[in-house]
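In what follows, a single structure is set out as structure tokens and then discussed.
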Amino acid sequence: MNILKKALAPLTDAAWNEITSEAAKVLDATLTARKFADIDGPNGFDFSAVSTGRLYTPGNQSKTGVNYGIRQVIPLIETRKPFTLDIWELDNVNRGAKDVNLDNMLKAAEEIALFEENFIYKGFKQGETKGLLKSSEHEQVKTPEDPEDFLKAVAAGVIRLRESWVKGPYSMVINDQVWTRLMKLTEGYPLSKQLVKIIGGHIIVNPNIDQSLLISEQGGDYELVLGQDISIGYDSHDSEKVKLYFTESFTFRILSPEAIIVFN
7 MNILKKALAP LTDAAWNEIT SEAAKVLDAT LTARKFADID GPNGFDFSAV STGRLYTPGN
67 QSKTGVNYGI RQVIPLIETR KPFTLDIWEL DNVNRGAKDV NLDNMLKAAE EIALFEENFI
127 YKGFKQGETK GLLKSSEHEQ VKTPEDPEDF LKAVAAGVIR LRESWVKGPY SMVINDQVWT
187 RLMKLTEGYP LSKQLVKIIG GHIIVNPNID QSLLISEQGG DYELVLGQDI SIGYDSHDSE
247 KVKLYFTESF TFRILSPEAI IVFN
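In this text, residue positions in the sequence shown follow my numbering: the first is 7, and each later residue adds one.
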């Protein structure tokens, strides 16, 4: 038995399959950074830190004795989000029910996914990351209201990335308001298709950010390091309810700040 202790839960295989498949739909729809970042792992629940490849050497060391340095690492954070489900309702999966109430699980799945998203985009001081939106080496670009001006601004951003030796293809992470504007037509041709032609990559919609990002998909610029990928574990149960939880251990590294342009 592993740390998730799923075998102790009073759930049938069919119920577990229903829970995991429905959770996957929420996670896939919410975890936008995984669409462009490199993923290292999962490396296992006991994987606790990632090396930066650097050594800190404290001063005032003996000139004749043994000197030392401290290898620098970034610790992974471990998240947990509990939720409760009705056992009888889950048994209905085996009775052929297609509309089992999994609302508590779906909400918990969204919450733990949003924690990862906010960690990556907005930063997390305790996790030693500034976030993508605060890490760019380039000046922020004001998002034009006019569709043609927006395309020109993105094209200028692509040129700026190339001048910084950041290769493509490039992708845009945008909020839902910008996405709505992109669905308009200019000269009979969808603006979104014109944008894809300019960047060469993908348009990724993230409704949980206020700004937009022009990023590279060349690889090696942003890295999500996973210990335990998002998983469901067992906590406890009584005769009516079972308490489960989502858990994950991870960190995020921005290796190339020059490979980010923020549009505000």
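For every residue, glycine included, the Cβ atom is placed at its ideal position computed from N, Cα and C.
CB-CB under 7 angstroms to Q217, same chain, minus the five flanking residues each way: which ones, in chain order?
For this step, residue 217 is matched to residue 211 along the sequence shown. So the list reads L139, V268, F269, N270, once near-sequence residues are dropped.
Can you give the Cα-Cα distance for S57 and R77, rounded to whole angstroms?
For the purposes of this step, residue 57 is taken as residue 51 along the sequence shown, with counting starting at 1. For the purposes of this step, residue 77 is taken as residue 71 along the sequence shown, with counting starting at 1. Rounded to the nearest angstrom, the two C-alpha atoms are 8 angstroms apart.
What does DSSP give as the partner residue(s) for F2 in the beta ladder?
The structure shown does not extend to residue 2, since the chain is modelled only from 7 to 270, so the question has no answer here.
For I9, which option in V248, Q234, I93, H243 has the closest C-alpha, if you only look at C-alpha atoms?
As a position in the sequence shown, residue 9 is number 3, starting the count at 1. Considering only alpha carbons, the answer is Q234.
Report the residue from L201, G239, D97, G137 whose alpha carbon sits nearest the alpha carbon of D19.
As a position in the sequence shown, residue 19 is number 13, starting the count at 1. Among L201, G239, D97, G137, the Cα nearest to that of D19 is on D97.
Tell me, please, which residues DSSP counts as bridged to H208.
For the purposes of this step, residue 208 is taken as the residue at position 202 of the sequence shown. Note: H208 sits in no beta bridge, so no partner.
Helix, strand or coil for T38? Go by DSSP, reduced to three states.
Within the sequence shown, the letter at position 32 stands for residue 38. If DSSP states are grouped into helix, strand and coil, T38 belongs with coil.
Report the rounded CA-to-CA distance for V179 versus V160, giving the unit in angstroms.
On the sequence shown, residue 179 is found 173 positions in, with the first residue counted as 1. On the sequence shown, residue 160 is found 154 positions in, with the first residue counted as 1. Spanning the two alpha carbons is a distance of roughly 12 angstroms.
Are the CB atoms of V172 and S222 nearer to each other than 8 angstroms?
Stepping through the sequence shown from its first residue, residue 172 is reached at position 166. Stepping through the sequence shown from its first residue, residue 222 is reached at position 216. Yes, Cβ-Cβ distance for V172 and S222 is below 8 angstroms.
Within the same chain, show all residues whose beta-carbon is closer than 8 angstroms to that of L197, passing over the 5 residues directly before and after it, in chain order.
Here residue 197 refers to the residue found at position 191 when the sequence shown is read from its first residue. Excluding residues within five positions, the ones whose Cβ falls inside 8 angstroms are P153, F156, L157, R187, L188, M189, K190, L191.
Quick one: grab the DSSP three-state call for Y176.
Counted from its first residue, the sequence shown places residue 176 at position 170. Strand at Y176.
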